[in-house]
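The structure under discussion appears below in the form of structure tokens.
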Amino acid sequence: MALLALALGLVALPFLVQALGQPALVPLATRVLIYAIAAASLNLALGFGGMVSFGHAAFFGVGGYVVGILYRTYVDDGLFLGLIPGTSQLLITLPAAILVGGLLALLIGALCLRTSGVQFIMITLAFAQMLFFLFVSLKAYGGDDGMTIRRRNELFGLNTRDDITFYFICLAAAVLVFLALWRIIGSRFGMVLAGIRQNERRMAAIGIAPYHYKLAAFVISGMGTGLAGALMANYLRFVSPDMLHWTKSGELMIMVILGGVGTLLGPLFGAAALVILETVLTSWTEHWQLILGPILLLVVLFTQGGLNGLFSRLGIGRSER
Amino acid sequence: MTLVLEQLLNGLQFGVMLFLLAAGLTLIFGIMGVINLAHGSLYMVGAYAAAFAAAQTGSVIIAIFAGLAAAALAGMAMELFVLRRLYARDHLDQVLATFALILIFNQGVTILFGRQPLFVSVPPALNGSVELLPGLIYPVYRLIIIAVGLAVALGLYLLINRTRIGMLVRAGATHREMVRALGVDIRLLYTAVFGLGALLAGLAGLMAGPILAVQVGMGEQILIMTFVVVVIGGVGSIRGAFFGALLVGLVDTSLRAFLPGLLRQVMAGSEADALGAGLASMGIYMLMAVVLLVRPKGLFPANV
Numbered sequence: 423m424a425l426l427a428l429a430l431g432l433v434a435l436p437f438l439v440q441a442l443g444q445p446a447l448v449p450l451a452t453r454v455l456i457y458a459i460a461a462a463s464l465n466l467a468l469g470f471g472g473m474v475s476f477g478h479a480a481f482f483g484v485g486g487y488v489v490g491i492l493y494r495t496y497v498d499d500g501l502f503l504g505l506i507p508g509t510s511q512l513l514i515t516l517p518a519a520i521l522v523g524g525l526l527a528l529l530i531g532a533l534c535l536r537t538s539g540v541q542f543i544m545i546t547l548a549f550a551q552m553l554f555f556l557f558v559s560l561k562a563y564g565g566d567d568g569m570t571i572r573r574r575n576e577l578f579g580l581n582t583r584d585d586i587t588f589y590f591i592c593l594a595a596a597v598l599v600f601l602a603l604w605r606i607i608g609s610r611f612g613m614v615l616a617g618i619r620q621n622e623r624r625m626a627a628i629g630i631a632p633y634h635y636k637l638a639a640f641v642i643s644g645m646g647t648g649l650a651g652a653l654m655a656n657y658l659r660f661v662s663p664d665m666l667h668w669t670k671s672g673e674l675m676i677m678v679i680l681g682g683v684g685t686l687l688g689p690l691f692g693a694a695a696l697v698i699l700e701t702v703l704t705s706w707t708e709h710w711q712l713i714l715g716p717i718l719l720l721v722v723l724f725t726q727g728g729l730n731g732l733f734s735r736l737g738i739g740r741s742e743r
Numbered sequence: 013m014t015l016v017l018e019q020l021l022n023g024l025q026f027g028v029m030l031f032l033l034a035a036g037l038t039l040i041f042g043i044m045g046v047i048n049l050a051h052g053s054l055y056m057v058g059a060y061a062a063a064f065a066a067a068q069t070g071s072v073i074i075a076i077f078a079g080l081a082a083a084a085l086a087g088m089a090m091e092l093f094v095l096r097r098l099y100a101r102d103h104l105d106q107v108l109a110t111f112a113l114i115l116i117f118n119q120g121v122t123i124l125f126g127r128q129p130l131f132v133s134v135p136p137a138l139n140g141s142v143e144l145l146p147g148l149i150y151p152v153y154r155l156i157i158i159a160v161g162l163a164v165a166l167g168l169y170l171l172i173n174r175t176r177i178g179m180l181v182r183a184g185a186t187h188r189e190m191v192r193a194l195g196v197d198i199r200l201l202y203t204a205v206f207g208l209g210a211l212l213a214g215l216a217g218l219m220a221g222p223i224l225a226v227q228v229g230m231g232e233q234i235l236i237m238t239f240v241v242v243v244i245g246g247v248g249s250i251r252g253a254f255f256g257a258l259l260v261g262l263v264d265t266s267l268r269a270f271l272p273g274l275l276r277q278v279m280a281g282s283e284a285d286a287l288g289a290g291l292a293s294m295g296i297y298m299l300m301a302v303v304l305l306v307r308p309k310g311l312f313p314a315n316v
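Printed below as a string of structure tokens:
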């Protein structure tokens, strides 16, 4: 019921804010949706799989760079690495970003999953930082300054430059991602993953190899985050190493924790809360962090299970653990 | 040759600074099991308090005490009001809470001191250079930092290995429940360890003042490197923190100093500089990845 209301609200939102004379809210909502995709993908690894990755900015940023590099190659009419022609079609760039995100996650995950605990946190961070510095030093693709993408990618001759059109593209992507995650969590695979999170040794004892399940979850997580990165590059029409910085990994993690770790909709609430709070508080005062800090602190100290937990205790929405 | 030696000394100096931060962080993590992202903020508090006191009074001694006291007090307050409630919680809650503390500290400092970085001059008494070897001239102040760092390392070694408190700390790092069961006031121990860690972070901050700009965000830059040190050395191990810090300091400094020059032999100047700087920054993360893949618990694991 609450889910239906949420879906209707998201569809009606652009028209509602237009009617209220606040069209600037549409891009804000778009940003929330993109971050929700990234945070929900991270949550599959972090919340459901128990793999605390501090390096998801790697997949986010690389997804963005896939769009940027393909666009640059397209404009120059050249071949990337002498093999791949460029494109500006959204239906090619998004799957490409998902693919590259997944491959990168396969590589990083295969190595990182040899460790666990705080070592896992740090080694994922290490790989993300390596990519960050790699892109900083790649002068061909803008280096430190990043590169602009003059036009958003094209889709069926729609005007993607239009805020509302792009909002619905992101909404469609978000709906697909959340539906996919919902199916995954409820499947046998999701059950095994939850079992591994709770007790890895017990799952191994009943004949399940935890490594492969965790790696698969990590790869899916990387794919979703790559998609979010590609959408963000289109939204901003700009990519820079900022998208790969460790603070971005931290931000995604904060969204997940704030919303509720290991819940389906938690990351959406977390992304919305963080993005909206930031926007509102910056418009009030230059020292907005001094307000955001204590709010985050209060959420940690006095709510168990983030905003999703708070909502379900107040009787709004539902928690899916 | 003298250039290589000079860079090695720079690496050593950076290494002991990292050690001062890593020692506190590794103790706090090893004993209390808390991931404290706000450790870098204590470093910043130490630097700002010392810079402010030096500007107001002109006295080096007062500046040192101000830096140490401010960092230790901030650390104990942090433990008492926030972290104490989070010991039993998930690591993720600790990450979120200490991230919130970073925001609060950074904005608080911005409001008090503004966004402009403060510049601190080296105390006049230490503002010279000595000729260590023929042709190798090195600033006295940096030598002092190395000496202080090594002295602290020795002091910590004696404290941890030769005293009763050290015994409790070691026992707490490996068998926390057992120590509690034997009737030790673990809360007092926790606050003391946290205060000590904060004190060392403040010491690093106040010594860094004259070398680096004192500015908001200085804590986060060094925090990530400190975590690298802690993980390479082995979480909870002071010895690991020491060798890890020296390793990271030397590797980072020498890569930055020599890699662009080496690359310039094989490619154009500006590209070599950009690529060299990028690769040099990647260096310590590669080091960490390799160490963890070969020895997942770090070089000197605390609880074997």
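These protein sequences, in sequence, are chains A and B.
Take 423 as the starting number for the first sequence in the numbering used here and just add one per residue.
Take 13 as the starting number for the second sequence in the numbering used here and just add one per residue.
Just so you know, even glycine gets a beta-carbon here, dropped at the ideal spot from N, CA and C.
Since we're looking at a predicted model, the values are computed, not measured.
Worksheet item: Hey, does glutamine 551 of chain A have any beta-carbon neighbour from chain B nearer than 9 Å?
Response: True, the Cβ-Cβ gap to chain B drops below 9 Å.
Item to complete: Report yes if the CB atom of valine 641 of chain A is closer than 9 Å to the CB atom of glycine 531 of chain A, and no otherwise.
Response: Contact annotation: valine 641 of chain A and glycine 531 of chain A have beta-carbon atoms nearer than 9 Å.
Worksheet item: Are the beta-carbon atoms of serine 475 of chain A and glycine 646 of chain A separated by less than 9 Å?
Response: Contact: no.
Worksheet item: So, helix, strand or coil for serine 705 of chain A, using DSSP?
Response: The answer is helix: DSSP assigns serine 705 of chain A an H, G or I state.
Discussion item. With a threshold of 8 Å, are at least 3 pairs of Cβ atoms found where one atom belongs to the stretch 621-635 of chain A and the other to the stretch 523-530 of chain A?
Written reply: No, the stretch 621-635 of chain A does not touch the stretch 523-530 of chain A.
Worksheet entry | Check whether isoleucine 676 of chain A and phenylalanine 77 of chain B have beta carbons under 9 Å apart | Not a contact, by the Cβ cut-off of 9 Å.
Discussion item. Going by C-alpha to C-alpha distance, which of A/Leu533, A/Tyr457, A/Leu450, A/Val448 sits closest to leucine 637 of chain A?
Written reply: Looking at the Cα atoms, A/Leu533 is the closest of the given residues.
Worksheet item: Around the C-beta of valine 316 of chain B, are 16 or more other C-beta atoms found within 10 angstroms, so that it is buried, or is it exposed?
Response: A caution first: valine 316 of chain B carries a pLDDT of 44, below 50, which makes its placement in the model too unreliable to give a value.
Worksheet item: Which chain B residues are close to glutamine 541 of chain A, counting only those with a beta carbon under 9 Å from its beta carbon?
Response: At a beta-carbon threshold of 9 Å, the residues of chain B lying near glutamine 541 of chain A are Val243, Val247, Leu304, Pro308, Lys309, Gly310, ordered along the chain.
Worksheet item: Are there 16 or more other CB atoms within 10 angstroms of the CB of proline 146 of chain B, so buried, or fewer, so exposed?
Response: Per the 10 Å Cβ criterion, exposed.
Worksheet item: Excluding sequence positions up to five away, which residues of its chain have a Cβ less than 7 Å from the Cβ of glycine 246 of chain B?
Response: Shown here for glycine 246 of chain B: same chain residues with a beta carbon closer than 7 Å to its own, the five before and five after excluded, namely Gly252, Lys309, Gly310, Leu311, Phe312, Pro313, Ala314 in chain order.
Discussion item. Applying the 10 Å Cβ sphere with the 16-neighbour rule, what's the burial state of tryptophan 668 of chain A?
Written reply: By the neighbour-count rule (16 or more Cβ atoms within 10 Å), tryptophan 668 of chain A is buried.
Worksheet entry | For glycine 739 of chain A, the three-state DSSP class (helix, strand or coil) | Low per-residue confidence applies at glycine 739 of chain A: pLDDT is 47, beneath 50, and the placement is therefore not dependable, though the value from the model is reported in the following sentence. Assignment of glycine 739 of chain A by DSSP, reduced to helix, strand and coil, places it in the coil class.
Practice prompt. Using a cut-off of 7 Å between C-beta atoms, extract the partners of lysine 561 of chain A located in chain B.
Written response: Near lysine 561 of chain A (Cβ distances below 7 Å), the residues of chain B are Glu283, Ala286.
Item to complete: Could you tell me the distance, in whole angstroms, from the CA atom of histidine 187 of chain B to the CA atom of serine 538 of chain A?
Response: Here the alpha carbon of histidine 187 of chain B sits roughly 20 Å from the alpha carbon of serine 538 of chain A.
Fill in: Residues that histidine 103 of chain B contacts on chain A, provided the C-beta gap is smaller than 9 Å
Here the neighbours are Val474, Gly539, Val540, Ile543.
Discussion item. So the candidates are B/Ala193, B/Ala89, B/Gly27; which of them puts its Cα closest to the Cα of alanine 210 of chain B?
Written reply: Alanine 210 of chain B has its Cα closest to that of B/Ala89, out of B/Ala193, B/Ala89, B/Gly27.
Worksheet item: Does DSSP put tyrosine 319 of chain B in a helix, a strand or coil?
Response: No information on residue 319 of chain B is available, as it lies outside the stretch 13 to 316 that chain B covers here.
Worksheet item: From the beta carbon of tryptophan 668 of chain A, is the nearest beta carbon of chain B less than 9 Å away?
Response: Residue contact check for tryptophan 668 of chain A against chain B: a CB pair falls below 9 Å.
Item to complete: Quick one: grab the DSSP three-state call for glycine 728 of chain A.
Response: In this structure, glycine 728 of chain A counts as helix in the three-state DSSP scheme.
Item to complete: Would you list, in chain order, the members of the stretch 106-126 of chain B that have their beta-carbon closer than 9 Å to a beta-carbon of chain A?
Response: So the close ones are Gln106, Val107, Leu108, Ala109, Phe111, Ala112, Leu113, Ile114, Leu115, Ile116, Phe117, Asn118, Gln119, Gly120, Thr122, Ile123.
Fill in: Neighbour list for phenylalanine 239 of chain B in chain A, Cβ cutoff strictly below 7 Å
Contact annotation for phenylalanine 239 of chain B against chain A: Met544 [CB-CB distance below 7 Å, chain order].
Worksheet item: Taking the C-alpha atoms as reference points, what is the distance between leucine 428 of chain A and threonine 701 of chain A?
Response: So the alpha carbons of these two residues sit roughly 22 Å apart.
Practice prompt. Would you decide whether glycine 167 of chain B is buried or exposed? Buried here means 16 or more other CB atoms lie within 10 Å of its CB.
Written response: Of the residues assessed, glycine 167 of chain B falls on the exposed side of the cut-off, its CB having fewer than 16 other CB atoms within 10 angstroms.
Worksheet item: Can isoleucine 250 of chain B and leucine 39 of chain B be called in contact, C-beta distance under 9 Å?
Response: Yes, the pair counts as a contact, with Cβ atoms nearer than the cut-off.
Worksheet item: Among A/Leu666, A/Leu447, A/Ala693, which one has its Cα closest to the Cα of serine 596 of chain A?
Response: The question names serine, but residue 596 of chain A is alanine in the sequence shown. Answer by Cα proximity: A/Ala693.
Worksheet item: Listed in chain order, which residues of the stretch 600-634 of chain A have Cβ atoms closer than 7 Å to some Cβ of chain B?
Response: From the stretch 600-634 of chain A, no residue has a Cβ closer than 7 Å to chain B.
Discussion item. Is the separation between the beta-carbon of methionine 552 of chain A and that of alanine 301 of chain B shorter than 9 Å?
Written reply: Yes, the pair counts as a contact, with Cβ atoms nearer than the cut-off.
Worksheet item: Looking only at C-alpha atoms, which of A/Ile586, A/Leu432, A/Ile543, A/Ala461 sits nearest to leucine 603 of chain A?
Response: Of A/Ile586, A/Leu432, A/Ile543, A/Ala461, the residue nearest in Cα terms is A/Ala461.
Discussion item. On the CB-based measure, 16 or more other CB atoms within 10 Å of its CB, does glycine 248 of chain B come out buried or exposed?
Written reply: The residue in question, glycine 248 of chain B, is buried, as its Cβ has 16 or more Cβ neighbours within 10 Å.
Worksheet item: Alpha carbon to alpha carbon, how far is glycine 290 of chain B from proline 663 of chain A?
Response: Their Cα atoms are separated by approximately 12 Å.
Worksheet item: Is the beta carbon of proline 436 of chain A sitting closer than 9 Å to the one on isoleucine 586 of chain A?
Response: Result yes, Cβ atoms of proline 436 of chain A and isoleucine 586 of chain A sit closer than 9 Å.
Worksheet entry | Buried versus exposed, by CB contacts within 10 Å (16 or more), valine 16 of chain B | Valine 16 of chain B comes out exposed.
Worksheet item: Terminal residues of the continuous beta strand (DSSP E) containing leucine 144 of chain B?
Response: Where leucine 144 of chain B is concerned, the enclosing beta strand (DSSP E) stretches over 141-145.
Worksheet item: For methionine 473 of chain A, which of helix, strand or coil comes out of DSSP?
Response: In the structure shown, methionine 473 of chain A adopts coil according to DSSP, grouped into three states.
Discussion item. Please state the DSSP three-state secondary structure of phenylalanine 660 of chain A.
Written reply: Correct three-state label for phenylalanine 660 of chain A: strand.
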